[in-house]
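Below is one structure; the comments refer to it alone.
Printed below as a string of structure tokens:
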């Protein structure tokens, strides 16, 4: 099955052949919850052009994104490592296509191959490192730098300068108040970095946005390159 997902593209021909009978292509709509923390993971998702947020929720109803996964990764892969319980929620952030695989079939295919196991372990390390980076980012960097970093990663994964995000959604993902996002968005727009129309952000000046982003943007990219050979 043709794929532009980095994980599926990186595995050997033998591993691909073992997995192929269980793969099917689906379209994921925005804001769809794939699973919630504590759920039994039934399916593994390989995004093609969809972008999925891994989020942590509090008893107050507030949520914050810990990691963002797109064409460079896989969601639910820990189920292949004999852990079927989700430790966070997975919500479709940007709509698009994905390759889906039954979790049991995925586990069976992975555990037949040491190289496949190694790929999944390295991927889970990158997601863990991304979550750690997000924690450090929230504690030490201002909202403007964090928003720039977040927009750049979303752009990389979706492959477009036009991002259909509301300020409410951005505030939720960054774990800040909507007024904070609104203030920063106006600042970035005045500086000519983005163009914001209700419910849509267009990135106008990528280089300027990169200069304003915190170091976490490059750190996450470097981790993916070092562990998986992807950018």
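Residue numbers (the working numbering): 13 to 243.
Quick reminder that beta carbons are idealized off the backbone N, C-alpha and C, glycines included.
For residue j and residue i, the rounded distance between their alpha carbons
i           : j           : result
residue 213 : residue 59  : 22 Å
residue 249 : residue 176 : Residue 249 is absent from the structure shown; the chain starts at 13 and stops at 243.
residue 243 : residue 234 : Note on residue 243: pLDDT 45, under 50, position unreliable in the model; the coordinate value appears next. Rounded to whole angstroms, residue 243 to residue 234 spans 7 Å at the Cα level.
residue 189 : residue 130 : 40 Å
residue 16  : residue 109 : 10 Å
residue 183 : residue 90  : 28 Å
residue 135 : residue 211 : 32 Å
residue 32  : residue 119 : 13 Å
residue 13  : residue 35  : Only weak support is given to the placement of residue 13: the predicted model assigns it a pLDDT of 41, under 50, and the question is left unresolved by the model.
residue 51  : residue 45  : 11 Å
residue 161 : residue 115 : 32 Å
residue 218 : residue 191 : 24 Å
residue 100 : residue 77  : 10 Å
residue 239 : residue 179 : 33 Å
residue 157 : residue 171 : 21 Å
residue 201 : residue 104 : 26 Å
residue 206 : residue 75  : 25 Å
Beta-carbon separation (whole angstroms), residue i vs residue j, contact threshold 8 Å
i           : j           : result
residue 132 : residue 102 : Not confirmed; about 16 Å, so no contact.
residue 231 : residue 126 : No, residue 231 and residue 126 are not in contact; Cβ-Cβ is about 29 Å, not under 8 Å.
residue 167 : residue 173 : 6 Å
residue 49  : residue 69  : 7 Å
residue 88  : residue 53  : 5 Å
residue 163 : residue 106 : At roughly 12 Å, the Cβ-Cβ gap does not stay under 8 Å, so residue 163 and residue 106 are not in contact.
Within-8 Å CB hit, residue i to chain B
i           : result
residue 223 : Of the chains in the structure shown, none is chain B; there is only one protein chain.
Those residues which DSSP pairs with residue i across a bridge
i           : result
residue 214 : 174, 207
residue 39  : 109
residue 251 : Outside the displayed span of the chain (13 to 243) sits residue 251, for which this structure offers no information.
residue 195 : Answer is none; residue 195 lacks a bridge partner.
residue 65  : 80, 103
residue 59  : 110
residue 45  : 103
- Contiguous beta strand (DSSP E) assignments of at least 3 residues, all confined to the stretch 69-126: 75-81, 101-106, 108-114
- Message: Can you confirm whether the stretch 74-93 touches the stretch 42-60 when touching is taken to mean that 3 or more C-beta pairs between the two stretches lie within less than 8 Å?
- Response: yes
- Task: Ignoring anything shorter than 4 residues or poking outside the stretch 128-188, list the alpha helix (DSSP H) runs there in chain order.
- Result: Whole alpha helix (DSSP H) segments, 4+ residues: 155-170, 179-186.
- Query: Would you call the stretch 25-42 and the stretch 142-162 touching, i.e. three or more CB-CB distances under 8 Å?
  - Reply: no
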